[in-house]
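See below for the structure under consideration.
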Amino acid sequence: MKHLLRATIVMGIIFGALSSFHATTYSSGSRGVVQEQALSKPTAGDWYIRITDPTRPVYMAIPDFETGTADAATFSSTISSVVWNDMEFASIYRLVPKRNYRIAQTSSDRRKIDFYQWESIGADILIRGVTEIQRETLIVEVRIYAIRAQEMVFGKRYEGPTTAARRMAHRIADDILIQAGNYRGINQTKVAFASNRRGERSKEIYVMDYDGYSQKPLTANRSLNLTPTWSPDGRALGYISYRTGTPSLHIAHIYEGRGERLDTGDGMAINPAWAPDGTKIAFTSTRDGNSELYLINADGTGMRRLTHHPGIDTSPCWSPTSREIAFTSDRTGSPQLYAMDTEGLNLRRISYRGSYNDSPSWSPSRQRSEIAFTSRIERGPFDIVVYDFQTRQTRQLTTGRGSNESPDWSPNGLHLVFTSSRTGSDQIFSMNRDGSNQRRLTRVGKNTTPQWGPITGQDS
Amino acid sequence: MSISHVSRNLWMALLFAMLVGACGGKSDRPPATTSTPPTRTTRATAPPPERPPEVIDTPPPVVDPGDDLLMIAEGDPLGIRDMPLDQINDLSPLADVPFDFDSVALLDEARVTLNAHANILARYDSLTVLIEGHCDERGTVEYNLALGERRANAVYNYLINLGISASRLKTISYGKEFPKDPGHNDQAWAANRRGHFEITGK
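Residue numbers (our numbering), protein chains in the order written: chain Y, 1 to 460; chain C, 461 to 662.
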């Protein structure tokens, strides 16, 4: 049975701006950029091979986007900086420093590209964009050039309301990553987390862009709302709420402005994890008197128990195939990680190092089999580590500045979000999978248990 | 909590300790080191006159019913009978009980405190209580939610075994969400690893 809960989800605030912008791809030579027209455009696949020499990094130049009409200046500046920031975070390409661009931008005709000069400052790829406003519509044209091949390899025109400037820029960055190297970018993804910024005695679920912008509340019930988990289509979030007293499992359908509580029986329900195949949610319940793991279908039916142990069994996370679940148990006396299949069988222990291991997150990458979690080495601080199933090696990603916990992978498996107390209070940070490139995403209140949302491609 | 509340709490605790000590001095206290909570042992704390305690094996009374202390004890020793719930909770008549890091075992001092709580709950036999399990900030949000539940349960089971009716007690875990002391040191962590008691009805 589901309990419909009204007026608990602040809708439309986040996703009301769904009026998607329009993007068209076009081939070289269109839109009056005469200089490029003579160049033949190779197929993208050939081009990847030529540009992606694995023995050296690939350098990309992204000069500030040009302004086609004067009233587009602020948008042009916003879009330029968002694209730059996205490409910098993605860490796929080395960015040629902007101060070096002047040499290559001497031509009096700004549309003409001096490929030799760009090559002289080390650029392999050049991104050029032009921003203008026509009849209150923001229009951005973006072109990707292969410098040594001296050709345009991609061009696209984006149109949308001026309020969509940041989203348009993230879309552009994702397109650049796909077109220039076939990388799946995460620049349009969102991160959900719990925040007490509205008051010390409550926490609400918030959603923000992956880069920390546009932080918006999803719940507003002044209770304790914790541990969000995304549905794989990005249209719903599961989370725990204390609004009815006992912590229980709730679903927020974020595009429909509707919420429901799943009936998981007596006892508390905590730490939900939505399966990557979308069908089930794993969670911890005390309905049988002790913290055990259960599965429930996303529609609230078909509840069943997975673990049978008098110790604590909690913090489930799914393998990318949805066939295995990793979780935490204190059955040996301290919290350690285990994995089992979805029948509760084939139990094996994963973590042996450290006196305290919890909050596992299984990499969604099909190429790498690895799991990130919070680990306490002896009596030291709590840090994020990653265990690689193939090499059986554990690498440490954070090093002892405050407590670092609750990691969650980006959908392309290249980055993680996590909570850190390094600045004196719990805040959300992101980083690369090798621990580099750590960035702070939240500043107000205490913010915990980030969950990186899926790549949805909803704006195509 | 204001200073006056603290001192008032101390006074109440002292007064009650005196009462319990005077009245129950010769009764069998559970040894502090036992790992399982004792079953209810009878103490000669004065029962509400209209309702004798439910006692299975009644030892002989150790205090003369004419004792002055007993006369005081028969009334409202904590002075909370006529207070609204909020005010009672501000006074925290049931003090927090501590835990060790990553542990749900009841410490000796926690058992002593819980014995006193059981006496209060026996005397004020209409009070209903929410037992909150709390953790310090070390460790994860996720695991601490489960740990706090176990702490609340440990307290709950101990009180049940002392004869408090299960219908009067509920448990909840707040994990590490609501620290009592905002500090980041041993002293704060010790204060934050606690079973806390919220009076929910009287």
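By construction, the Cβ of each residue, glycine as well, lies at the ideal position given by its N, Cα and C atoms.
If you're wondering where the values come from, they're calculated on a predicted model, not measured in any experiment.
- About 6 angstroms separates the CB atoms of L249/Y and G238/Y; that is less than 8 angstroms, so the two are in contact.
- When secondary structure is reduced to three states using DSSP, V572/C falls in the helix class.
- About 5 angstroms separates the beta carbons of G453/Y and W230/Y, which is inside the 8 angstroms limit, making them a contact pair.
- Secondary structure at D64/Y: coil, using DSSP grouped into helix, strand and coil.
- Listed as beta-bridge partners of I113/Y by DSSP are no residues whatsoever.
- Neighbours of R610/C across chain Y, judged by C-beta separation under 8 angstroms: S291, I312.
- Within the DSSP bridge table, the entry for R439/Y names S430/Y as partners.
- Note: H415/Y is bridge-paired with N432/Y in the DSSP secondary-structure output.
- Around R628/C, no beta-carbon contact reaches into chain Y at under 9 angstroms, the shortest distance being about 16 angstroms.
- In this structure, Q427/Y is the residue among I296/Y, G160/Y, Q427/Y with its C-alpha nearest to the C-alpha of R443/Y.
- Between T600/C and S406/Y the beta-carbon gap is near 6 angstroms, inside 8 angstroms, which marks them as a contact.
- Using a CB distance cut-off of 8 angstroms, S403/Y counts as an interface residue toward chain C.
- Not a single CB atom of chain C sits nearer than 8 angstroms to the CB of Y239/Y.
- Taking 8 angstroms as the upper bound on Cβ-Cβ separation, chain Y lies near residues E597, R598, G599, T600, V601, E602, Y603, L605, A606 of the region 588-606 of chain C.
- Residues are counted here when their Cβ sits less than 8 angstroms from a Cβ of chain Y; for the region 549-564 of chain C these are D562, given in chain order.
- Taking all protein chains shown into account, E378/Y has fewer than 16 neighbouring C-beta atoms within 10 Å of its C-beta and is therefore exposed.
- Going by beta carbons, T227/Y and N271/Y fall inside the 8 angstroms limit.
- With a threshold of 16 other beta carbon atoms within 10 Å, E141/Y meets it and is buried.
- By the Cβ neighbour-count rule, Q451/Y is buried, with 16 or more other Cβ atoms within 10 Å of its own.
- Proximity of the region 638-646 of chain C to the region 313-332 of chain Y falls short of the contact definition, fewer than three beta-carbon pairs being nearer than 8 angstroms.
- Nearest CB-CB separation between E637/C and chain Y: below the 8 angstroms threshold.
- If you ignore the 5 residues before and after E370/Y, its C-beta comes within less than 6 angstroms of the C-beta of S363, V386, D388, all in its own chain and listed in chain order.
- For T394/Y, there is no enclosing alpha helix (DSSP H); the enclosing beta strand (DSSP E) has its first and last residue at 393-396.
- Beta-bridge analysis with DSSP links R304/Y to L295/Y.
- P232/Y is the residue among P232/Y, A180/Y, E292/Y, L293/Y whose C-alpha sits nearest the C-alpha of T279/Y.
- DSSP, read as helix, strand or coil, puts K190/Y in strand.
- For T448/Y, the chain C residues whose Cβ falls inside 8 angstroms of its Cβ are V601, in order along the chain.
- In this structure, the straight-line span from the alpha carbon of S421/Y to that of R157/Y is close to 42 angstroms.
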